[in-house]
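Participant: Chains as they are written, first to last, in the working numbering: chain A, 2 to 317; chain B, 2 to 317.
All C-beta atoms, glycine included, are put in the ideal place defined by N, C-alpha and C.
For clarity, every value in this text was computed on a predicted model and none was experimentally measured.
Number of protein chains: 2
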Amino acid sequence: MTGDANAPVCVLGTGLIGGSLLRAARAAGYPAFGYNRSSAGVLAARGDGFDVADDLPAVLRRAAREDALIVVAVPMPAVDHLLADIATFAPECVLTDVVSVKGPVAEAVARHGLSARYVGGHPMAGTAESGWAATDPELFRGAVWAVGVDEGTRAEPWRRVVRLALACGSTVVPVTAAEHDRAVARISHLPHVLAEALAVAGAAGGPLALGLAAGSFRDGTRVAGTAPDLVRAICEPNAAALLDVLEETLTVLGAARDSLRADGTLGELVDAGHDGHTDYRTVRRWEITDVRPGEHDWLARLREAGLRGGVLTALD
Amino acid sequence: MTGDANAPVCVLGTGLIGGSLLRAARAAGYPAFGYNRSSAGVLAARGDGFDVADDLPAVLRRAAREDALIVVAVPMPAVDHLLADIATFAPECVLTDVVSVKGPVAEAVARHGLSARYVGGHPMAGTAESGWAATDPELFRGAVWAVGVDEGTRAEPWRRVVRLALACGSTVVPVTAAEHDRAVARISHLPHVLAEALAVAGAAGGPLALGLAAGSFRDGTRVAGTAPDLVRAICEPNAAALLDVLEETLTVLGAARDSLRADGTLGELVDAGHDGHTDYRTVRRWEITDVRPGEHDWLARLREAGLRGGVLTALD
């Protein structure tokens, strides 16, 4: 499928994202194996014929032996523990992750001395479901997959991570950790916060309000059905960026409130929101074709292209 | 289909809701005709074989002659003009509406001296589309349809309105105008406001953020795709109730911001939001079977039942 489809992928954490990645990687021709902390998760994956174990040192020794690409696929609070063992048992492996924030992962990776072979990743896919039972080898098809282009990133590990993302059917968006985290605060973490607040407001109206609720409430609250621990694990590690955009949004909503109270109008908010929705509906992803990994300024050029909506759909 | 399926329905305004009602009423066996202000709308409806005209006095005279049930199906800003002509040409007809707020319509109806035969209505159905082209005779099937039980409502017109809602495939929620307006501020108008604010926040992140957006942003902003004039016509007439719940929500979001800043946690919001979403997912509609329209205290008893989630799925 890809140039290094014979080098294995080692997925640590076989929940919705990690388990789907294990399936997608194998479907794309990669030898793939994994680790899961819970024996129930291990049994579920094995029951479907996947090579998953709960002995982390053993899995990591195998990854080192086979020069596997290691993918950290656990929620942020569990990342540090995994990295400690990776530093012990597989410090030379190329390392990526699919965690929902990138700055805190990169900092943890640096603390464990693993930065040289690390390239952050974040596939923008998921459902309100979780666990092996929800995994789907097609989860990443047609999705975008953020891949890090921070200063110091090396070309060889970067290519391996990008190849895996492309092999899973995704389009790659090159982005630095800080810019990723600011962007996802806007389009992933703020949606969670607003959905929770909307669910609170609806439920305060009791059975009458909830019984009258139709499409706008259903869609607006959908992600409030996500398990609270998972929402916190996604949003809280990105507190700084989320605080900025939450503050912005409180200002926007406060101005709408003032305008509705003083003049009976929501015109300014509604026009701006409709314009924003139009931007979203019409945003064009364009293909970056003129940057070769490793050449002069490749990281800065990819970063700049990513900010303008550039993506990668193939590698050489 | 129903007891008075032979008495015609006269729909004023043949956009998404009114046009769909014209289709649904005819499909349920009602003779049905209508009025639309724009000749383009009239031609579109006629092209599909519907009896729609742009001469409002003539349509209303016919409604009076045929003892039609008149349905006002225009946005709030256009209601007053229609009521003036109804008071002139068809003051004795039973009158209902499908406008998204009930208090302001009831006040306008009272100003025109039409309260005696008026029963407010609001089918909780719609899409981001509008106009005749989007109409669908099945739009109301499986939806809930709020029907007014304000003091002074008379049993005979009430039964006619309820029969029409049931014939269109909806379940009827009995509710007073004030309680309706407070409820829809929570589950319909606040979702619009939050969707607009989310679209603004996402677009402020430029092509990078919008290009990374996935399911949570798509669902959270869906109704921001609605035409701005329509959103304003839906939300602004309910300013008082919307201001109350917007204020509540600003408080909830402000507390979440404070908690995230001070302690790095969104726990309180996320737990409350998840509980609210669970309430929504598990809200049970139960059937009201022990209230006969016109009997002692029927309006108060229906109102009380509606507040507790009671609905009507049949009439006698």
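Should the region 174–182 of chain A be called in touch with the region 149–156 of chain A, which here means at least 3 C-beta pairs below 8 Å?
Facilitator: Touching, per the Cβ criterion.
Participant: Whole-angstrom Cβ separation of Asp295 (chain A) and Ala156 (chain A), contact assumed at under 8 Å?
Facilitator: The sequence given here places Gly at residue 295 (chain A); Asp does not occur at that position. Going by Cβ atoms, the distance from Gly295 (chain A) to Ala156 (chain A) rounds to 3 Å, so yes, they are a contact pair.
Participant: Is the distance from the Cβ of Ser131 (chain B) to the Cβ of Ala257 (chain B) below 9 Å?
Facilitator: No. Outside cutoff.
Participant: Any idea which residues DSSP pairs Arg313 (chain B) with across the strands?
Facilitator: Per the sequence presented here, residue 313 (chain B) reads as Leu, with Arg not at that position. DSSP lists B:Val173 as partners of Leu313 (chain B).
Participant: Taking the straight line between their C-alpha atoms, what separation do you get for Ala204 (chain A) and Tyr31 (chain A)?
Facilitator: Rounded to whole angstroms, Ala204 (chain A) to Tyr31 (chain A) spans 47 Å at the Cα level.
Participant: Using 10 angstroms around the beta-carbon of Gly48 (chain B), count the other beta-carbons present and answer buried if the total reaches 16, otherwise exposed.
Facilitator: Exposed is the call here.
Participant: So, does the CB of Phe141 (chain B) fall closer than 9 Å to a CB anywhere in chain A?
Facilitator: So no, Phe141 (chain B) is outside the interface.
Participant: Suppose contacts are defined by Cβ-Cβ distances below 9 Å. Is Gly19 (chain A) in contact with Arg187 (chain B) by that definition?
Facilitator: Contact: no.
Participant: Should the region 299–306 of chain A be called in touch with the region 97–115 of chain B, which here means at least 3 C-beta pairs below 8 Å?
Facilitator: Verdict: no, contact absent.
Participant: Under 9 Å between the Cβ atoms of Leu350 (chain A) and Val43 (chain A)?
Facilitator: As shown, chain A starts at 2 and ends at 317. That puts residue 350 (chain A) outside it, with no answer to give.
Participant: Does the beta carbon of Ala214 (chain A) sit closer than 9 Å to a beta carbon anywhere in chain B?
Facilitator: Yes, Ala214 (chain A) lies at the interface with chain B (some Cβ there is under 9 Å from its Cβ).
Participant: Do Pro238 (chain B) and Ser217 (chain A) have their C-beta atoms within less than 9 Å of each other?
Facilitator: Not closer than 9 Å, so no.
Participant: Would you decide whether Gly16 (chain A) is buried or exposed? Buried here means 16 or more other CB atoms lie within 10 Å of its CB.
Facilitator: It is buried - the Cβ of Gly16 (chain A) has at least 16 other Cβ atoms within 10 Å.
Participant: Look up Ile71 (chain A) in the DSSP assignment and give the residues it is bridged to.
Facilitator: According to DSSP, which records beta bridges pairwise, Ile71 (chain A) is partnered with A:Cys11 and A:Leu96.
Participant: Label Asp317 (chain A) either buried or exposed according to how many other C-beta atoms from any shown protein chain fall within 10 Å of its C-beta, with 16 as the threshold for buried.
Facilitator: With fewer than 16 Cβ atoms within 10 Å of its Cβ, Asp317 (chain A) is classed as exposed.
Participant: Could you pull out every residue in the same chain whose Cβ sits closer than 6 Å to the Cβ of Arg39 (chain B), ignoring the five residues on either side in sequence?
Facilitator: The question names Arg, yet the displayed sequence has Ser at residue 39 (chain B). Excluding residues within five positions, none has a Cβ falling inside 6 Å.
Participant: From Ala33 (chain A) to Ala200 (chain B), what distance separates their C-alpha atoms?
Facilitator: Near 39 Å, if we compare the C-alpha coordinates of Ala200 (chain B) and Ala33 (chain A).
Participant: Counting only C-beta atoms, is Cys169 (chain A) closer than 9 Å to chain B at any point?
Facilitator: False, the Cβ-Cβ gap to chain B never drops below 9 Å.
Participant: Taking only three categories from DSSP, how would you classify His297 (chain A)?
Facilitator: Three-state DSSP puts His297 (chain A) in coil, outside helix and strand.
Participant: Can you tell me the Cα-Cα spacing of Asp52 (chain B) and Pro9 (chain B), whole angstroms?
Facilitator: Taking the straight line from one Cα to the other gives about 12 Å.
Participant: Any idea which residues DSSP pairs His123 (chain A) with across the strands?
Facilitator: Answer is A:Ala147, bridged to His123 (chain A).
Participant: If contacts are defined as beta-carbon pairs under 8 Å, then Glu93 (chain B) and Ala65 (chain B) qualify, I think. What distance do you get, rounded to the angstrom?
Facilitator: The pair is a contact, with the Cβ atoms about 7 Å apart (cut-off 8 Å).
Participant: Could you compute how far the alpha carbon of Phe90 (chain A) sits from the alpha carbon of Val80 (chain A)?
Facilitator: Looking at the two C-alpha atoms, the distance is approximately 15 Å.
Participant: Return the CA-CA distance between Val246 (chain A) and Ala168 (chain B), expressed in angstroms with no decimal places.
Facilitator: One C-alpha to the other measures close to 47 Å.
Participant: Flag Ala134 (chain A) as yes if its beta-carbon sits less than 9 Å from any beta-carbon of chain B, otherwise no.
Facilitator: Answer no: the Cβ-Cβ gap between Ala134 (chain A) and chain B never drops below 9 Å.
Participant: With DSSP run on the structure shown, which of helix, strand or coil describes Phe34 (chain A)?
Facilitator: Strand at Phe34 (chain A).
Participant: What does Glu237 (chain B) touch in chain A if you count any residue whose Cβ is under 8 Å from its own?
Facilitator: Per Cβ cutoff of 8 Å: Leu261, Gly265, Thr266 and Leu267.
Participant: Does any residue of chain C have a CB that is nearer than 9 Å to the CB of Gly122 (chain A)?
Facilitator: Among the protein chains in the structure shown, which are A and B, there is no chain C.
Participant: Can you tell me the Cα-Cα spacing of His202 (chain B) and Arg219 (chain B), whole angstroms?
Facilitator: In the sequence as displayed, the identity of residue 202 (chain B) is Ala instead of His. Spanning the two alpha carbons is a distance of roughly 13 Å.
Participant: Sort out for me which residues DSSP pairs Trp287 (chain B) with in a bridge.
Facilitator: Per DSSP, B:Gly311.
Participant: For Glu197 (chain B), is the classification buried or exposed, using 16 other Cβ atoms within 10 angstroms of its Cβ as the cut-off for buried?
Facilitator: Its Cβ being crowded by 16 or more others within 10 Å, Glu197 (chain B) is buried.
Participant: So which residues on chain B does Met125 (chain A) lean against when the C-beta distance must stay under 7 Å?
Facilitator: Near Met125 (chain A) (Cβ distances below 7 Å), the residues of chain B are Leu213 and Ala215.
Participant: In angstroms, rounded to a whole number, what distance separates the CA positions of Arg233 (chain B) and His275 (chain B)?
Facilitator: Roughly 29 Å separates the two Cα atoms.
Participant: Can you find a C-beta in chain B that's less than 9 Å from the C-beta of Arg233 (chain A)?
Facilitator: With 9 Å as the cut-off, Arg233 (chain A) counts as an interface residue toward chain B.
Participant: So with CB distances below 7 Å, who are the chain A contacts of Thr250 (chain B)?
Facilitator: Near Thr250 (chain B) (Cβ distances below 7 Å), the residues of chain A are Ala198 and Ala202.
Participant: Classify His297 (chain B) as buried or exposed, calling it buried when 16 or more other Cβ atoms lie within 10 Å of its own Cβ.
Facilitator: With fewer than 16 Cβ atoms within 10 Å of its Cβ, His297 (chain B) is classed as exposed.
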